[in-house]
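Undergrad: Heads up: the sequence lines are chains A and B, in that order. Heads up, the first sequence is in the working numbering, so the first residue is 2 and it goes up one at a time. Heads up, the second sequence is in the working numbering, so the first residue is 5 and it goes up one at a time.
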Amino acid sequence: MSIRIKNVNKSFGKHLVLDNISLEFKDGDFVSFLAPTGSGKTTLLRVIAGLEKPDKGQGRVFYDDVDVTNISVRERNIAMVYQDFINYPSMTVYENIASPLKVSKNKMSAKEIDKKVREVAELLSLSDMLKHYPSETSGGQQQRIAISRALVKDTKYIFLDEPLANLDYKLREELRGQLKETFSYNKKGIIIYATADPLDALILSSHVGFLHHGKILQYDILDKIYNYPQYIEVASYFSNPTMNFLEVNLVKENNDYFLKVTEEIKIKVDNKLKDKLNKKEYLLGIRAQVISPYRQTKNDIIIKGIIELVEVVGSDTELHFRYEDFHLLSLSQKIENYQIGNTIDIFVDPSKFYIFDKDTKRLVCRMEGEK
Amino acid sequence: MARIELKDVSHSFEIAEGKEKLEWAVKDMNIAWEDGTANALLGPSGCGKTTMLNIISGLLTPSEGKIYIDGKDVTELSPQERHIAQVFQFPVIYDSMNVYNNLAFPLVNANFPKSKIKAKVEKVAEILGLVDCLDFPSSKLNSAEKQKVSLGRGIVRDDTVGILLDEPLTVIDPKMRGELRRQLKIVQKELNITAIYVTHDQHEALTFAEKVAIVKDGRLVQVGSPHDLYNDSASVFVGYFIGSPGMNILDGKLNESTLNLNGFNIELSKDFRKKIKSKIGEYQLGIRPEAIITSREKTTGTIPFEVAIVENMGSYKILTLIKNNKGDRNLRIKSRIDIHMSVSKGETVYLKFPEEDIKIFKDNHRIY
Numbered sequence: 002m003s004i005r006i007k008n009v010n011k012s013f014g015k016h017l018v019l020d021n022i023s024l025e026f027k028d029g030d031f032v033s034f035l036a037p038t039g040s041g042k043t044t045l046l047r048v049i050a051g052l053e054k055p056d057k058g059q060g061r062v063f064y065d066d067v068d069v070t071n072i073s074v075r076e077r078n079i080a081m082v083y084q085d086f087i088n089y090p091s092m093t094v095y096e097n098i099a100s101p102l103k104v105s106k107n108k109m110s111a112k113e114i115d116k117k118v119r120e121v122a123e124l125l126s127l128s129d130m131l132k133h134y135p136s137e138t139s140g141g142q143q144q145r146i147a148i149s150r151a152l153v154k155d156t157k158y159i160f161l162d163e164p165l166a167n168l169d170y171k172l173r174e175e176l177r178g179q180l181k182e183t184f185s186y187n188k189k190g191i192i193i194y195a196t197a198d199p200l201d202a203l204i205l206s207s208h209v210g211f212l213h214h215g216k217i218l219q220y221d222i223l224d225k226i227y228n229y230p231q232y233i234e235v236a237s238y239f240s241n242p243t244m245n246f247l248e249v250n251l252v253k254e255n256n257d258y259f260l261k262v263t264e265e266i267k268i269k270v271d272n273k274l275k276d277k278l279n280k281k282e283y284l285l286g287i288r289a290q291v292i293s294p295y296r297q298t299k300n301d302i303i304i305k306g307i308i309e310l311v312e313v314v315g316s317d318t319e320l321h322f323r324y325e326d327f328h329l330l331s332l333s334q335k336i337e338n339y340q341i342g343n344t345i346d347i348f349v350d351p352s353k354f355y356i357f358d359k360d361t362k363r364l365v366c367r368m369e370g371e372k
Numbered sequence: 005m006a007r008i009e010l011k012d013v014s015h016s017f018e019i020a021e022g023k024e025k026l027e028w029a030v031k032d033m034n035i036a037w038e039d040g041t042a043n044a045l046l047g048p049s050g051c052g053k054t055t056m057l058n059i060i061s062g063l064l065t066p067s068e069g070k071i072y073i074d075g076k077d078v079t080e081l082s083p084q085e086r087h088i089a090q091v092f093q094f095p096v097i098y099d100s101m102n103v104y105n106n107l108a109f110p111l112v113n114a115n116f117p118k119s120k121i122k123a124k125v126e127k128v129a130e131i132l133g134l135v136d137c138l139d140f141p142s143s144k145l146n147s148a149e150k151q152k153v154s155l156g157r158g159i160v161r162d163d164t165v166g167i168l169l170d171e172p173l174t175v176i177d178p179k180m181r182g183e184l185r186r187q188l189k190i191v192q193k194e195l196n197i198t199a200i201y202v203t204h205d206q207h208e209a210l211t212f213a214e215k216v217a218i219v220k221d222g223r224l225v226q227v228g229s230p231h232d233l234y235n236d237s238a239s240v241f242v243g244y245f246i247g248s249p250g251m252n253i254l255d256g257k258l259n260e261s262t263l264n265l266n267g268f269n270i271e272l273s274k275d276f277r278k279k280i281k282s283k284i285g286e287y288q289l290g291i292r293p294e295a296i297i298t299s300r301e302k303t304t305g306t307i308p309f310e311v312a313i314v315e316n317m318g319s320y321k322i323l324t325l326i327k328n329n330k331g332d333r334n335l336r337i338k339s340r341i342d343i344h345m346s347v348s349k350g351e352t353v354y355l356k357f358p359e360e361d362i363k364i365f366k367d368n369h370r371i372y
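#1: Have a look at G22 (chain B) and M33 (chain B) and give me their C-alpha separation to the nearest angstrom.
#2: When the distance is taken between beta carbons, is L265 (chain B) closer than 9 Å to I364 (chain B)?
#3: Nearest by alpha-carbon distance to N245 (chain A): which of A:L320, A:K299, A:F259, A:M81 is it?
#4: How big is the Cα-Cα spacing for G156 (chain B) and H214 (chain A)?
#5: Check the Cβ of E382 (chain B) against every Cβ in chain A and list those closer than 7 Å, keeping chain order.
#6: Which class does P141 (chain B) belong to by DSSP, given the choice of helix, strand or coil?
#7: Compare the beta carbon distance of E309 (chain A) and H231 (chain B) with 9 Å and say whether it is the shorter of the two.
#8: Under 9 Å between the Cβ atoms of A381 (chain B) and L64 (chain B)?
#9: What does the alpha-carbon distance come out to for the pair I148 (chain A) and P90 (chain A)?
#10: Among the residues of its own chain, which have a CB less than 6 Å from the CB of K353 (chain A), if the five just before and after it don't count?
#11: Does the CB of F245 (chain B) have a neighbour CB from chain A at under 9 Å?
#12: Cβ of V125 (chain B) within 9 Å of Cβ of Y98 (chain B)?
#13: Within the chosen definition, does the stretch 50-64 of chain A reach the stretch 251-267 of chain A through at least 3 CB pairs nearer than 8 Å?
#14: Where does S23 (chain A) sit, in a helix, a strand or coil, going by DSSP?
#15: Within 9 Å (strictly less), CB to CB, does G178 (chain A) reach chain B?
#16: Apart from the five residues on each side of it in sequence, which residues of its chain come closer than 6 Å, Cβ to Cβ, to P141 (chain B)?
#17: Report whether the distance from the Cβ of H231 (chain B) to the nearest heavy atom of the ligand MN is below 8 Å.
#18: Taking 8 Å as the threshold, find out whether the stretch 38-57 of chain B comes into contact with the stretch 186-206 of chain B through three or more Cβ pairs.
#19: Name the residues in the stretch 299-320 of chain B whose C-beta lies less than 9 Å from a C-beta of chain A; which are they?
#20: Is the number of C-beta pairs between the stretch 34-41 of chain A and the stretch 203-213 of chain A that are closer than 8 Å three or more?
#21: One question on the structure: do A151 (chain A) and I159 (chain A) come within less than 9 Å of each other, judged by their Cβ atoms?
#22: Name the chain A residues whose beta carbon is nearer than 7 Å to that of R186 (chain B)?
#23: Quick one: give me the first and last residue of the beta strand (DSSP E) that D271 (chain A) is part of.
#24: Looking at chain A, is there any beta carbon in it that lies within less than 9 Å of the beta carbon of H207 (chain B)?
#25: Any Cβ of chain B within less than 9 Å of the Cβ of N241 (chain A)?
#26: Where does A6 (chain B) sit, in a helix, a strand or coil, going by DSSP?
#27: Suppose contacts are defined by Cβ-Cβ distances below 9 Å. Is V32 (chain A) in contact with S206 (chain A) by that definition?
#28: Counting C-beta neighbours from all protein chains within 10 Å, is the total for T304 (chain B) 16 or more, i.e. buried, or is it exposed?
#29: Since H328 (chain A) is in the beta strand (DSSP E), which residue starts that stretch and which ends it?
#30: Taking the alpha helix (DSSP H) that H207 (chain B) belongs to, which residues open and close that run?
#31: I302 (chain A) CB to nearest chain B CB: under 9 Å?
#32: Whose C-beta lies closer than 6 Å to the C-beta of N259 (chain B) among residues of the same chain, with five residues either side of it excluded?
#33: For chain A, is any of its Cβ atoms less than 9 Å away from the one on P293 (chain B)?
#34: Y234 (chain B) CB to nearest chain A CB: under 9 Å?
#35: Drop a sphere of 10 angstroms on the beta-carbon of V104 (chain A), count the other beta-carbons inside from all chains shown, and report buried for 16 or more, exposed for fewer.
#36: Within 10 angstroms of its Cβ, does G250 (chain B) collect 16 or more other Cβ (buried), or is it exposed?
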């Protein structure tokens, strides 16, 4: 089974929201469309699901190689979960979950329905809530009811539009893990998930598409797009927390080449790397994870950082600090208690640097080379 | 700028209704927010934090107790007389005015001279990074900028003594939230203003505040720095609520030297038993996912668990682990492992619970 879209454009009025998008998904794919608000990810999801039609022209949507571009969403047998928790307020949780089965074309017996509803409710920890009404449940439970309705349906295409966005941190953390578990039980079908949260994409997906101004900037398997982001925009957004960028110059001293950050920090460029660098200026991309108040490798660069802001995030600490004219972000995998204004030693692992072309914004290479 | 204090504050909405047995929305609140500090009120929805906020701002007079600003009793003063600025979930700005006029509005109302208004507005715009959009119509701003204008209107007056932020990031795009939150914190530091940030989101509370007050069922559960709340959680609730994922809590029975945890046992040292001062009884064991040592090798004293979920968090992985208990409900716990350790669903891993990281609770309250 597959979904394929070809040359899809979509405009609202004069505004082009999707710009010539072609993609293909296969059985078992969990695809995330990752992008900030307003980049077109929800529209793309809706076009694929059939809730919106692509602009007239050559744009096409295929399910299992059948052109469904002009087939209404009702006839496509898909399931959709929205950002707002949409449930039937006058029905119990049980009736809500059962509702897609009752209207389904394939008539099921009451016994079969009961079995399915209880199975799905168990999967999403709703078994104790079946007799309650949605209004008596928490936000996280309301979204789980909506997700249960999508799962109970016998469909191979499930679309989720930012289902965790309206939940708070703790509930998001819980439900994200539960989604991971739920979808790993049943690997059949295609799941497409729109999100603005890089952590959702990182934890849940097999494939990620990054949207930028209505275009797919990069589409790859998770490991590839996370470890080899081809553009600065992808690298910056698909990092958690955000990536540091430093302007550097390629300089020659004696007979060696260096990427010069400051007088103090010059990173030696070996011959293999030198072959890839033929410009003077580059941007170094450094994830916060490889900048740490603790030593990581014996080759770490040590710098003095003045603490500017300390943010406890979950069980980690994001340390914002200044080094010369740079404002940098370091991630410590502990709860730290630093005082603002203090100077501390910071360790940076240069092998993990990304080198980007300043003009084209494309990835030139990683410092440690391809794996 | 000021120190804000609640003394013996309780409030019931049912006093006005004349009920005999009262439900307390807020009960026995004693807390002080020091001058120039960043604070948070953190609790699930319905915990009473909005009632507290309204009591501080003056929208609500508490049934009992007093509110002091710099030692002065302000309990009977109106919101206007208290000079506490407020930022709400949704930006409150005039769409028909440009940014400059929005920021100037509170000063124009107070009949400040034009030159003074200009100087003040420009200073606030500078602090908030709004200098380049002063002429913009407010309707053209994005939600984060609008929220900054709302804040700007609150802090533009010199007599503002403090600022209450009521879930100010609710309508902001997730990726922009961090940036705006950091800016709020920088503004708070720069102005040295007492700020109280109200939220149900532990992430926002811990990132913003140096002192966090956790509220549950109208009562203060624990007050402390993020570091203290994480390391010295006073209850099961705080242990789970702070940290991501939260602390693992397991029910157990202590029998001389053995802690029986419904499926496996942990031997406790003499020292440890001495510290908890008890020999037998029912307890709860608490251990943070990052304190558990997870290994693929079986060694003495390790406990086998089956991997149910692997979540790659970018810096490390979080495992959800299951111990099958025949008949009984399965035991589930989480552990944090190195990003380079490769494990998959269905595999068995072996856990060690270092004694120095074990916390003991009795009836949900920490005893060790």
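Heads up, the beta-carbon is just placed ideally off N, CA and C, and yes, glycines get one too. Just so you know, these numbers come straight off a predicted model, no measurement behind them.
TA: The short version:
#1: Those two C-alpha atoms are separated by around 23 Å.
#2: Not in contact: I364 (chain B) and L265 (chain B) (Cβ atoms no closer than 9 Å).
#3: Looking at the Cα atoms, A:L320 is the closest of the given residues.
#4: Whole-angstrom Cα-Cα distance: 31 Å.
#5: The structure shown does not extend to residue 382 (chain B), since chain B spans only 5 to 372, so no value can be given for it.
#6: Note: P141 (chain B) maps to strand in three-state DSSP.
#7: No, Cβ-Cβ distance for E309 (chain A) and H231 (chain B) is not below 9 Å.
#8: Because chain B spans 5 through 372 in this model, residue 381 (chain B) falls outside it and cannot be assessed.
#9: Going by the C-alpha atoms only, they are around 15 Å apart.
#10: Once the five neighbours on either side are set aside, the close Cβ partners of K353 (chain A) are V291.
#11: Interface flag for F245 (chain B) against chain A is set, since a Cβ pair is found closer than 9 Å.
#12: Note that the C-beta distance between V125 (chain B) and Y98 (chain B) is not below 9 Å.
#13: Contact fails: fewer than three Cβ-Cβ distances are below 8 Å.
#14: It is a strand residue.
#15: Residue contact with chain B for G178 (chain A): present (Cβ-Cβ distance below 9 Å to some residue of chain B).
#16: Excluding sequence neighbours, P141 (chain B) sits near N102.
#17: The ligand content of the structure shown is nil, which means the ligand MN is not present either.
#18: A contact exists between the stretch 38-57 of chain B and the stretch 186-206 of chain B.
#19: Cβ contacts with chain A: A312, I313, V314, E315, N316, M317, G318, S319, Y320.
#20: Remark: three or more beta-carbon pairs, one from each stretch, lie closer than 8 Å, so the stretch 34-41 of chain A and the stretch 203-213 of chain A are flagged as touching.
#21: Closer than 9 Å, so yes.
#22: Ordered by position in chain A, the residues that pass the 7 Å Cβ test against R186 (chain B) are L310.
#23: First-last for D271 (chain A): undefined, no H or E at that position.
#24: Chain A, which has a Cβ nearer than 9 Å to the Cβ of H207 (chain B), makes this yes.
#25: Yes, contact with chain B.
#26: If DSSP states are grouped into helix, strand and coil, A6 (chain B) belongs with coil.
#27: The Cβ atoms of V32 (chain A) and S206 (chain A) sit closer than 9 Å to each other.
#28: Burial is judged here by how many other beta carbons sit within 10 angstroms of a residue's own beta carbon; T304 (chain B) has fewer than 16 and is exposed.
#29: Counting along the chain, the beta strand (DSSP E) containing H328 (chain A) begins and ends at 327-333.
#30: Unbroken alpha helix (DSSP H) run through H207 (chain B): 206-212.
#31: For I302 (chain A), no CB of chain B lies under 9 Å from its own CB, so it is not counted at the interface with that chain.
#32: The beta carbon of N259 (chain B) is closer than 6 Å to those of I284 in its chain, skipping five residues each way along the sequence.
#33: Under the Cβ distance rule, P293 (chain B) counts among the residues neighbouring chain A, one pair being separated by less than 9 Å.
#34: Chain A, which has a Cβ nearer than 9 Å to the Cβ of Y234 (chain B), makes this yes.
#35: With fewer than 16 Cβ atoms within 10 Å of its Cβ, V104 (chain A) is classed as exposed.
#36: So G250 (chain B) ends up on the buried side.
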